[in-house]
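These notes are about the structure you will find just below.
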Amino acid sequence: MLGTGLIKGMAQTAKNFVGSYQGPERLVTVQYPEERLAPKENARNFPFLVFDGDDAQKGLRCVACQICEKECPPKCIYINKSKDKKPDYIGKPQFYPATFDIDISVCMSCQICVEVCPFDAIKMDKVFELSTTDRFEALLLHKTELAKPNEYFQELHPTEAAEIDTRFAEEKLKAEAKAKADAEAKAKAAAIAAAPKPEPAPVDGSIPTPVAPKTI
Amino acid sequence: MTGQLDQLFVSLKQWLVSFLPQAAQPMAGILLSISAIIGAFATMFAITTIMERKILGRIQNRLGPNRVGPFGLLQPAADGIKMLTKEDIVPFAADKLVHFLAPVVLIIPVALALAMIPYGRNMTAVDLDAGILFFFAVGSATELSVFMAGWSSQNKYSLVGAMRAIAQMISYEMPLVLSTVSVLMMAGTLSLPLIVQAQSGYIYEILPRWNVFTPWGLAGFVLFMIAATAESNRAPFDLPEAESEIIAGYLTEYSGFKYALFFMAEYWGLFAVSGLAVTLFLGGWNAPFPFLQWVPSWAWFFAKLGTIIFGFIWVRGTLPRLRLDQLMNFAWKFLLPMSLINIVVTAMWHFSRVFQFVGAREMRWVLCALVLAIPYFFLGRALGEGRPAKRNYKFAE
Chain U
1 MLGTGLIKGM AQTAKNFVGS YQGPERLVTV QYPEERLAPK ENARNFPFLV FDGDDAQKGL
61 RCVACQICEK ECPPKCIYIN KSKDKKPDYI GKPQFYPATF DIDISVCMSC QICVEVCPFD
121 AIKMDKVFEL STTDRFEALL LHKTELAKPN EYFQELHPTE AAEIDTRFAE EKLKAEAKAK
181 ADAEAKAKAA AIAAAPKPEP APVDGSIPTP VAPKTI
Chain L
217 MTGQLDQLFV SLKQWLVSFL PQAAQPMAGI LLSISAIIGA FATMFAITTI MERKILGRIQ
277 NRLGPNRVGP FGLLQPAADG IKMLTKEDIV PFAADKLVHF LAPVVLIIPV ALALAMIPYG
337 RNMTAVDLDA GILFFFAVGS ATELSVFMAG WSSQNKYSLV GAMRAIAQMI SYEMPLVLST
397 VSVLMMAGTL SLPLIVQAQS GYIYEILPRW NVFTPWGLAG FVLFMIAATA ESNRAPFDLP
457 EAESEIIAGY LTEYSGFKYA LFFMAEYWGL FAVSGLAVTL FLGGWNAPFP FLQWVPSWAW
517 FFAKLGTIIF GFIWVRGTLP RLRLDQLMNF AWKFLLPMSL INIVVTAMWH FSRVFQFVGA
577 REMRWVLCAL VLAIPYFFLG RALGEGRPAK RNYKFAE
């Protein structure tokens, strides 16, 4: 009959109205500046640069390959490659970004830069209280503001960070082992080179008998 | 003492006016009444906006505004300051004069309608013999202002909103007026204070003689409230300003103080039509029980008004917006026949008064209720007909 649904709905809202005064656990909202919800592990907004070690600029994982700059759909990343090289985490000399700027007023938080980075150098951040009175300079983040330690990344995305860290450690071990093996081989070669030459074959002028060709 | 408290505002006005020369007294009295009405309802508008947001929040299991002042009670002041300091933008292509006039044209008839309402014993600002006729006459002028706003803005959303508003308000004007006819038939007068007087007194010395406690009065009250919701463009009949469809309807191009004025006029319209409902059906300023008569009459009026406003907010928090065809079907195929049937039922109630045997009152009740319930059932079922059957999507499973 007409009206039964209306009464049911009105009863439901009346229940909510009275219930919200009786049981505070019904309230679905959080009083934001005082109370905060912990962010979800998969939350993301703007990218940042990961560095290892203590020195933010020396430890940057970024090698200025500029893949992210090319892939960025709104073109909010600006990279200048360095002229010189610095050693990376396994000691291999690599280029580094002389400038690395992200314009977060343009960034659309798509995470494509993170997906394409072969060095796990750029990752998504969760900070959101970024309001500022200057919408041009203050929203153009430079290398110094973007660089954040690996420990911070481990905190943000523990699972992903653990996976990356073990991979890096393995690579480092492998590289060390290789370096060690190389060094050993080199040392061996050097030792061989340094060792006295074996006795040369006696020279008696006889011509060795040629081996008869094999018949097919 | 109770009489003094009851007549507090009346004697205050007389005392203030008595300082003036005899010739200026009527004019000063009217000006005083007008400023009292404007002041009281501006305050009530502020209170209603904050209470509406609070109640809607609670209905949705939220706290509602709680940042400005204690419990957020200074929110209306913050809103007012914001509205006043905002830039007043007039669209380049707008008809500037009409665009400016629309909010003014809205607020004047609404204020005129508010002057008709009896707020308490001897507290009617303008006591016209045909008060209710005047109320509806000026009330229908609000449609003009809504269309002025929509047309002069030169904006398609405004125009669509205004067109919807015109269609809706004209359609619902009919059941609104027809549902009051039964009250006029029983009271035999068009004067609002006399209608209130007709509802005073108590049955068996305890039950109030309000119109809402009769079958025709109850049906009339429900019909009146539905039509009043549509007339004041409130949810679920807020199609003219449906923000999810047409931004803000005819208010789209209004900003700053003009928007605030529009907003206030809509709430005043709501108060006026709620006040009329109180006057016509809920016994006006009469106390519900004889032993509560020591409470001043104006307090009863505003308590009832507040209850009705709460009802409006409750409905707004519950019901989703109607579609335009549902709106029209509801007005013309349900409300209009029901209000016509209600007039017939009123006549039945009136003429069955001659029955004097034991249980006659109960028998009249059942008879009238049946005559209302049977068409209600069938008209309600007819409204649901023509609804498309539940569709089965062959490839969706």
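For the protein sequence lines, the chains are U and L, in the order given.
The C-terminal residue of the first sequence carries number 216 in the working numbering, and the numbering is unbroken.
The C-terminal residue of the second sequence carries number 613 in the working numbering, and the numbering is unbroken.
All C-beta atoms, glycine included, are put in the ideal place defined by N, C-alpha and C.
All figures in this text were calculated on a predicted structure; none of them were measured in a lab.
{"Query": "Does PHE507(L) come within less than 8 Å of chain U when only Cβ atoms are used?", "Result": "no"}
{"Query": "Pairs of beta-carbons, one from the region 253 to 260 of chain L and one from the region 477 to 494 of chain L, closer than 8 Å: are there three or more?", "Result": "yes"}
{"Query": "Just checking: is the beta-carbon of ARG278(L) within a distance shorter than 8 Å of some beta-carbon in chain U?", "Result": "yes"}
{"Query": "Looking at MET108(U): is its Cβ nearer than 8 Å to the Cβ of PRO74(U)?", "Result": "yes"}
{"Query": "Below 8 Å between beta carbons: does that hold for MET10(U) and PHE593(L)?", "Result": "no"}
{"Query": "Assess contact between the region 329 to 337 of chain L and the region 493 to 503 of chain L, defined as three or more Cβ pairs (one per stretch) separated by less than 8 Å. Is contact present?", "Result": "yes"}
{"Query": "Kindly list, in the order they appear in chain L, the residues whose Cβ is closer than 7 Å to that of SER20(U).", "Result": "ARG274 and ASN277"}
{"Query": "Kindly confirm or deny that the region 127 to 137 of chain U and the region 84 to 92 of chain U touch, where touching means at least three C-beta pairs closer than 8 Å.", "Result": "no"}
{"Query": "Counting only Cβ pairs nearer than 9 Å, list the residues of chain U close to ILE271(L).", "Result": "PHE17"}
{"Query": "Should GLU176(U) go down as buried or exposed, given a rule of 16 or more other Cβ atoms within 10 Å for buried?", "Result": "exposed"}
{"Query": "Rounding to the nearest angstrom, what Cα-Cα distance links LYS86(U) and GLU69(U) in this structure?", "Result": "21 Å"}
{"Query": "How many whole angstroms separate the CB atoms of SER490(L) and ILE525(L), which I take to be in contact at a CB cut-off of 8 Å?", "Result": "6 Å"}
{"Query": "Please list, in chain order, the chain L residues whose beta carbon lies closer than 9 Å to that of VAL28(U).", "Result": "GLN276, ASN277 and ARG278"}
{"Query": "Can you give the Cα-Cα distance for VAL326(L) and ASP222(L), rounded to whole angstroms?", "Result": "26 Å"}
{"Query": "Unbroken beta strand (DSSP E) runs of length 3 or more, entirely within the region 38 to 112 of chain U: which are they?", "Result": "47 to 51, 77 to 81 and 97 to 103"}
{"Query": "Going straight from the alpha carbon of ALA189(U) to that of ALA179(U), what length do you get?", "Result": "15 Å"}
{"Query": "So within the region 240 to 290 of chain L, which uninterrupted alpha helix (DSSP H) runs reach at least 4 residues, ignoring any that extend past its ends?", "Result": "241 to 275"}
{"Query": "Show which residues of chain L have a CB atom less than 9 Å away from the CB atom of LEU2(U).", "Result": "PHE550, TYR592, PHE593, LEU595, GLY596, ARG597, LEU599 and GLY600"}
{"Query": "Does DSSP put ALA488(L) in a helix, a strand or coil?", "Result": "helix"}
{"Query": "In chain order, what residues of the same chain lie with their CB nearer than 7 Å to the CB of GLU171(U), ignoring the 5 residues before and after it?", "Result": "ILE90"}
{"Query": "Taking only the alpha-carbon atoms, compute the straight-line gap between LEU232(L) and PRO286(L) and give it to the nearest angstrom.", "Result": "36 Å"}
{"Query": "Could you confirm whether any beta carbon from chain L is found closer than 8 Å to the beta carbon of LEU37(U)?", "Result": "no"}
{"Query": "Does the region 274 to 283 of chain L come close enough to the region 438 to 450 of chain L that 3 or more CB-CB pairs lie under 8 Å?", "Result": "no"}
{"Query": "Less than 8 Å between the C-beta atoms of ILE557(L) and LEU394(L), yes or no?", "Result": "no"}
{"Query": "If we ignore side chains and look at the alpha-carbon of each, how far apart do LEU360(L) and MET480(L) end up?", "Result": "17 Å"}
{"Query": "Where ARG580(L) and ILE442(L) are concerned, what is the direct C-alpha to C-alpha distance, given to the nearest angstrom?", "Result": "26 Å"}
{"Query": "Which parts of the region 411 to 450 of chain L are runs of the alpha helix (DSSP H), unbroken and 4 residues or longer, counting only runs that do not cross its ends?", "Result": "431 to 447"}
{"Query": "Kindly indicate if chain U contains any beta-carbon less than 8 Å away from that of TRP426(L).", "Result": "no"}
{"Query": "When you compare the region 263 to 275 of chain L with the region 517 to 533 of chain L, are there three or more beta-carbon pairs, one atom per stretch, that lie closer than 8 Å?", "Result": "yes"}
{"Query": "When Cβ atoms are compared, which residues of the region 329 to 354 of chain L fall closer than 7 Å to chain U?", "Result": "none"}
{"Query": "Give me the Cα-Cα distance between THR635(L) and LYS15(U), rounded to the nearest whole angstrom.", "Result": "It is not possible to answer for residue 635(L), since the shown part of chain L is limited to 217 through 613."}
{"Query": "Whether or not the region 97 to 105 of chain U and the region 56 to 67 of chain U are in contact is what I'm after, with contact meaning three or more pairs of Cβ atoms, one per stretch, closer than 8 Å; do they touch?", "Result": "yes"}
{"Query": "In chain order, what residues of the region 521 to 553 of chain L put their CB closer than 7 Å to some CB of chain U?", "Result": "TRP530, GLY533, THR534 and LEU535"}
{"Query": "Starting from ALA605(L), trace the beta strand (DSSP E) both ways and give me its first and last residue.", "Result": "ALA605(L) -> no beta strand (DSSP E), and no H or E assigned at all."}
{"Query": "Rounded C-beta distance between TYR470(L) and ALA381(L)? I'm assuming under 8 Å.", "Result": "Their Cβ separation, rounded to whole angstroms, is 14 Å, which puts TYR470(L) and ALA381(L) out of contact at 8 Å."}
{"Query": "With DSSP run on the structure shown, which of helix, strand or coil describes MET124(U)?", "Result": "strand"}
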